[in-house]
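Asks: One line per chain: the protein sequences are B and R, in this order.
Each residue of the first sequence is one higher than the last, beginning at 100 in the numbering used here.
Each residue of the second sequence is one higher than the last, beginning at 118 in the numbering used here.
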Amino acid sequence: MTSDARSEVILSAHGLELVREGVRLLHDISLDIRRGSITLVLGHNGAGKTLLLNALHGLIDIQSGSIDAPPLPHQKMVFQKPIITRRTTRQHFQFICRDLDANEAGEWIKRAGIADRIDAPARALSGGEQQKLALVGALAAQPDILFLDEPTAHLDFAATKFVEGMIREAHEAGTTIVMTSHNRAQSERLGEDVLLLDGGRLVEAAPADRFFSAPQHPLAKQYLDHL
Amino acid sequence: MDILNPFQIALSLLFSGDAELMSIIGLSLSVSLTAVVTSLVIGLPLGAILAAYRFPGRTPLIVISNTFLGMPPVVIGLLIYLLISRAGPLGFMGILYTPAAMMLAQTVLVLPISIALSRQAFESLNAEYAPLFQSLGLGRTARISALVFEARAVLMTIALACFGRAISEVGAVMIVGGNIRHSTRVMTTSIALATSMGELAFAMALGIVLLLVAFAVNIASQLLRNSFRNLGHDV
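What follows is the structure in structure tokens.
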């Protein structure tokens with residue numbers, strides 16, 4: 100992907116507001132996501148990271164503001180706790196990625212390293228295996244933009260390495276990645292851009308190298324001190 | 118009277134393949150199974166819609182279906198009778214005192230069960246799957262189909278509950294079927310008639326068959342439950 104293409108904006112949000120039961124959860128958030136970039140959404144628990152991802156992906160209705168993004172069929176999302184259907188691994192994969200035939204599905208499942216569990220109930224897979232299944236199911240659809248909500252939370256080192264490898268591969272193929280993480284090392288390894296949320300507000304948006312070396316906002320400095 | 122005598126006669130009737138007994142058993146099963154299948158075909162999508170969508174009139178629909186859950190079968194029989202009797206709005210169909218009328222009555226009887234129980238099952242599954250379905254961009258029909266498929270293990274239990282209610286019901290089928298020999302006589306109405314006529318052996322034979330049917334259905338459901346449990350169903 101050329102540098103011109105990478106500077107193009109694929110998703111743009113303006114003035115996002117989300118209120119639930121009288122509580123303002125997202126405050127006037129405006130942001131741009133560059134095409135082909137990996138953007139890390141950071142923040143403490145309850146900062147609004149998952150809500151922001153859900154709003155950008157169109158899963159929740161916002162009270163005000165606008166989102167300009169590729170249509171839903173060109174987006175995919177992997178949830179922090181994978182939502183797994185009551186089917187076999189193969190059937191689940193074909194449910195979440197409907198355009199592939201049985202052979203192609205088998206190849207992707209093989210890439211996830213769970214080919215030996217292809218006819219096992221998907222819900223009987225381990226947490227790490229379910230996360231891999233969800234990730235390859237999303238990547239196989241070759242989305243323009245992929246949202247990942249803490250994709251390596253609760254995963255061991257080997258599974259984390261696998262997931263990060265798949266993320267890099269998708270990034271090299273031109274997929275735009277927007278992900279949340281609580282892991283500073285991972286954020287520094289993968290992130291090109293960083294969005295820092297605090298209490299539902301976007302407090303800093305910066306290139307990752309500048310964010311980690313010279314954060315501008317006092318809350319960003321405080322956050323990195325705690326990370 | 119020796120209490121064991123009816124059991125012995127019942128068993129000999131069963132094993133001899135008594136023609137009248139077999140025709141009663143066959144009619145009972147066909148009427149009840151048809152009613153269950155019809156109520157599931159209508160009730161499951163309704164349950165899924167009530168669980169997955171909010172729309173005007175949803176709450177009254179839930180209240181009405183829940184009210185019918187406790188409706189006595191004889192009252193349902195009476196309502197169906199009024200509908201299909203010669204002077205009723207559906208009198209032109211001419212189905213009073215036929216198996217079709219009994220199927221209709223049993224369908225109305227078990228439909229609230231299939232709606233209410235499936236709505237509860239679909240509500241918890243919908244809460245679990247809604248983000249995934251939304252993310253996949255599933256339309257209304259695909260979403261409901263997927264919910265029904267995911268709920269298949271629970272739906273089996275609902276089907277069993279409906280079948281149990283239908284096969285054991287007596288009041289409604291007596292009113293709209295008339296308990297006519299060789300035509301609309303089913304196991305429950307036969308038991309009532311035979312008992313009143315003192316034919317306890319015949320009544321007991323039918324009672325034993327009802328128990329055996331319940332036993333067979335439960336064995337089948339247990340086998341199905343085991344296979345569903347292997348796919349991660351909470352049954």
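Every residue gets a Cβ at the ideal spot worked out from N, C-alpha and C, and that includes glycine.
#1: Below 8 Å between beta carbons is the criterion; list the residues of the segment 235-259 of chain R that meet it against any residue of chain B, in chain order.
#2: Threshold first: 4 residues or longer. Then list the alpha helix (DSSP H) segments lying entirely within the segment 176-222 of chain R, N to C.
#3: Let's see if you can read the secondary structure: which residues bound the beta strand (DSSP E) around residue 112 of chain B?
#4: What three-state label does DSSP hand residue 305 of chain B in the structure shown?
#5: For residue 314 of chain R, count neighbouring C-beta atoms within 10 Å of its own C-beta (all shown protein chains included) and say buried if the count is 16 or more, exposed if not.
#6: Contact between the segment 168-179 of chain R and the segment 204-213 of chain R: three or more CB pairs below 8 Å?
#7: If you measure between the beta carbons of residue 303 of chain R and residue 290 of chain R, is that distance less than 8 Å?
#8: For the alpha helix (DSSP H) that residue 308 of chain R lies in, which residues bound it at each end?
#9: In whole angstroms, what is the alpha-carbon distance linking residue 319 of chain R and residue 279 of chain R?
#10: Within its chain, find whatever has a CB closer than 8 Å to the CB of residue 306 of chain B; leave out the 5 residues flanking it on each side and keep chain order.
#11: Contact defined as beta carbons within less than 8 Å: I believe residue 136 of chain B pairs with residue 274 of chain B. What is the distance between those atoms, to the nearest angstrom?
#12: Comparing the C-beta of residue 267 of chain R with each C-beta of chain B, is any distance below 8 Å?
#13: For the alpha helix (DSSP H) that contains residue 175 of chain B, what are its first and last residues?
#14: Please list, in chain order, the chain R residues whose beta carbon lies closer than 7 Å to that of residue 171 of chain B.
#15: Which of helix, strand or coil does DSSP assign to residue 248 of chain B?
#16: Could you check whether the Cβ of residue 158 of chain B sits closer than 8 Å to any Cβ belonging to chain R?
#17: Tell me which same chain residues have a C-beta within less than 7 Å of the C-beta of residue 156 of chain R, skipping the five on either side of it?
#18: So, do the segment 186-195 of chain B and the segment 222-239 of chain B have three or more beta carbon pairs nearer to each other than 8 Å?
#19: Taking the straight line between their C-alpha atoms, what separation do you get for residue 235 of chain B and residue 183 of chain B?
#20: Pick out the complete beta strand (DSSP E) segments inside the segment 267-307 of chain B, 3 residues or longer, and give them in chain order.
#21: What's the C-alpha gap between residue 327 of chain R and residue 285 of chain R?
#22: Beta carbon of residue 175 of chain B, beta carbon of residue 237 of chain B: below 8 Å?
#23: Less than 8 Å separating the beta-carbons of residue 238 of chain R and residue 268 of chain R?
#24: Which same chain residues, not among the five before or five after residue 130 of chain R, have their C-beta less than 6 Å away from its C-beta?
#25: Between R/301, R/211, R/148, R/281, which lies nearest to residue 335 of chain R when the distance is taken from Cα to Cα?
#26: Taking Cβ-Cβ distances shorter than 7 Å, what residues in chain R pair up with residue 176 of chain B?
#27: Rounded to a whole number of angstroms, what is the C-alpha to C-alpha distance between residue 150 of chain B and residue 174 of chain R?
#28: Along the chain, where does the alpha helix (DSSP H) that runs through residue 383 of chain B open and close?
#29: Please report how far the alpha carbon of residue 220 of chain B lies from the alpha carbon of residue 200 of chain R, in whole angstroms.
#30: Can you give me the Cβ contacts of residue 222 of chain R inside the same chain, cut-off strictly under 7 Å, excluding the 5 residues immediately before and after it?
#31: Would residue 193 of chain B pass as a contact of residue 204 of chain B if the rule is Cβ separation under 8 Å?
#32: Counting pairs of beta carbons, one from the segment 251-260 of chain B and one from the segment 107-120 of chain B, are three or more of them closer than 8 Å?
#33: In the DSSP assignment, the alpha helix (DSSP H) including residue 341 of chain R goes from what residue to what residue?
#34: Comparing C-alpha positions only, which one of R/160, R/133, R/134, R/141 sits nearest to residue 311 of chain R?
#35: Which full runs of the beta strand (DSSP E) of 3+ residues lie inside the segment 193-267 of chain B, going along the chain?
#36: Looking at residue 277 of chain B and residue 310 of chain B, is the spacing between their C-beta atoms short of 8 Å?
Replies: Reading off the structure:
#1: 245, 246, 248, 249, 251, 252, 253, 254
#2: Counting only unbroken stretches of 4 or more residues, the alpha helix (DSSP H) elements lying wholly within the segment 176-222 of chain R are 190-201, in sequence order.
#3: Here residue 112 of chain B refers to the residue found at position 13 when the first sequence is read from its first residue. Element bounds for residue 112 of chain B: 108-119.
#4: Looking up residue 305 of chain B in the first sequence gives position 206. The three-state secondary structure of residue 305 of chain B, taken from DSSP, is strand.
#5: Stepping through the second sequence from its first residue, residue 314 of chain R is reached at position 197. Its Cβ having fewer than 16 others within 10 Å, residue 314 of chain R is exposed.
#6: no
#7: Locating residue 303 of chain R in the second sequence gives position 186, counting from the first residue. Locating residue 290 of chain R in the second sequence gives position 173, counting from the first residue. Their beta carbons are under 8 Å apart, which means residue 303 of chain R touches residue 290 of chain R by this criterion.
#8: In the second sequence, counting from the first residue as 1, residue 308 of chain R sits at position 191. Residue 308 of chain R -> alpha helix (DSSP H) spans 304-313.
#9: To locate residue 319 of chain R, count along the second sequence from 1; it is residue 202. To locate residue 279 of chain R, count along the second sequence from 1; it is residue 162. Cα to Cα, the separation comes out at about 26 Å.
#10: Numbered from its first residue, the first sequence carries residue 306 of chain B at position 207. Here the set comprises 291, 292, 293.
#11: On the first sequence, position 37 is the one that residue 136 of chain B refers to. On the first sequence, position 175 is the one that residue 274 of chain B refers to. Contact doesn't hold; Cβ gap of about 10 Å is too wide.
#12: Sequence index remark: in the second sequence, residue 267 of chain R carries index 150 (1-based). It does; some Cβ of chain B falls within 8 Å.
#13: As a working mapping, residue 175 of chain B is identified with position 76 in the first sequence. No alpha helix (DSSP H) contains residue 175 of chain B, which is instead part of the beta strand (DSSP E) from 174-177.
#14: Here residue 171 of chain B refers to the residue found at position 72 of the first sequence. By Cβ distance, chain R contributes 254.
#15: Looking up residue 248 of chain B in the first sequence gives position 149. DSSP places residue 248 of chain B in the strand class (E or B) of the three-state scheme.
#16: In the first sequence, residue 158 of chain B corresponds to position 59, counting from 1. Chain R places a beta carbon closer than 8 Å to that of residue 158 of chain B, counting this residue as a contact.
#17: Along the second sequence, one-based indexing puts residue 156 of chain R at 39. Excluding sequence neighbours, residue 156 of chain R sits near 224, 227, 228, 231, 279.
#18: yes
#19: Within the first sequence, residue 235 of chain B is the residue found at index 136, counting from 1. Within the first sequence, residue 183 of chain B is the residue found at index 84, counting from 1. One C-alpha to the other measures close to 13 Å.
#20: 275-279, 292-297, 300-306
#21: Locating residue 327 of chain R in the second sequence gives position 210, where the first residue counts as 1. Locating residue 285 of chain R in the second sequence gives position 168, where the first residue counts as 1. Cα-Cα distance, rounded: 8 Å.
#22: The residue labelled residue 175 of chain B in the question sits at position 76 within the first sequence. The residue labelled residue 237 of chain B in the question sits at position 138 within the first sequence. Contact: yes.
#23: By one-based count along the second sequence, residue 238 of chain R stands at place 121. By one-based count along the second sequence, residue 268 of chain R stands at place 151. Against a cut-off of 8 Å, the Cβ pair of residue 268 of chain R and residue 238 of chain R comes out as a contact.
#24: Here residue 130 of chain R is taken as the residue at index 13 of the second sequence, counted from 1. The residues are 138, 322.
#25: Taking the first residue of the second sequence as position 1, residue 335 of chain R is located at position 218. Looking from the CA of residue 335 of chain R, the closest CA among R/301, R/211, R/148, R/281 belongs to R/281.
#26: On the first sequence, residue 176 of chain B is found 77 positions in, with the first residue counted as 1. Per Cβ cutoff of 7 Å: 252.
#27: Working through the first sequence from its first residue, we reach residue 150 of chain B at position 51. Working through the second sequence from its first residue, we reach residue 174 of chain R at position 57. Whole-angstrom Cα-Cα distance: 31 Å.
#28: Past the edges of chain B, shown from 100 to 326, lies residue 383 of chain B, and the structure says nothing about it.
#29: Locating residue 220 of chain B in the first sequence gives position 121, where the first residue counts as 1. Locating residue 200 of chain R in the second sequence gives position 83, where the first residue counts as 1. Whole-angstrom Cα-Cα distance: 49 Å.
#30: As a working mapping, residue 222 of chain R is identified with position 105 in the second sequence. The answer, listed in chain order, is 193, 194, 197, 289, 290, 293.
#31: If you number the first sequence from 1, residue 193 of chain B lands on position 94. If you number the first sequence from 1, residue 204 of chain B lands on position 105. For residue 193 of chain B and residue 204 of chain B, yes; Cβs fall inside 8 Å.
#32: no
#33: As a working note, residue 341 of chain R is residue 224 in the second sequence. Residues 317-346.
#34: Reading the second sequence from its first residue, position 194 is the one you call residue 311 of chain R. Nearest C-alpha to residue 311 of chain R: R/141.
#35: Qualifying beta strand (DSSP E) stretches, in chain order: 244-248.
#36: Translated into positions along the first sequence, residue 310 of chain B becomes position 211. Translated into positions along the first sequence, residue 277 of chain B becomes position 178. Their beta carbons are not under 8 Å apart, which means residue 310 of chain B does not touch residue 277 of chain B by this criterion.
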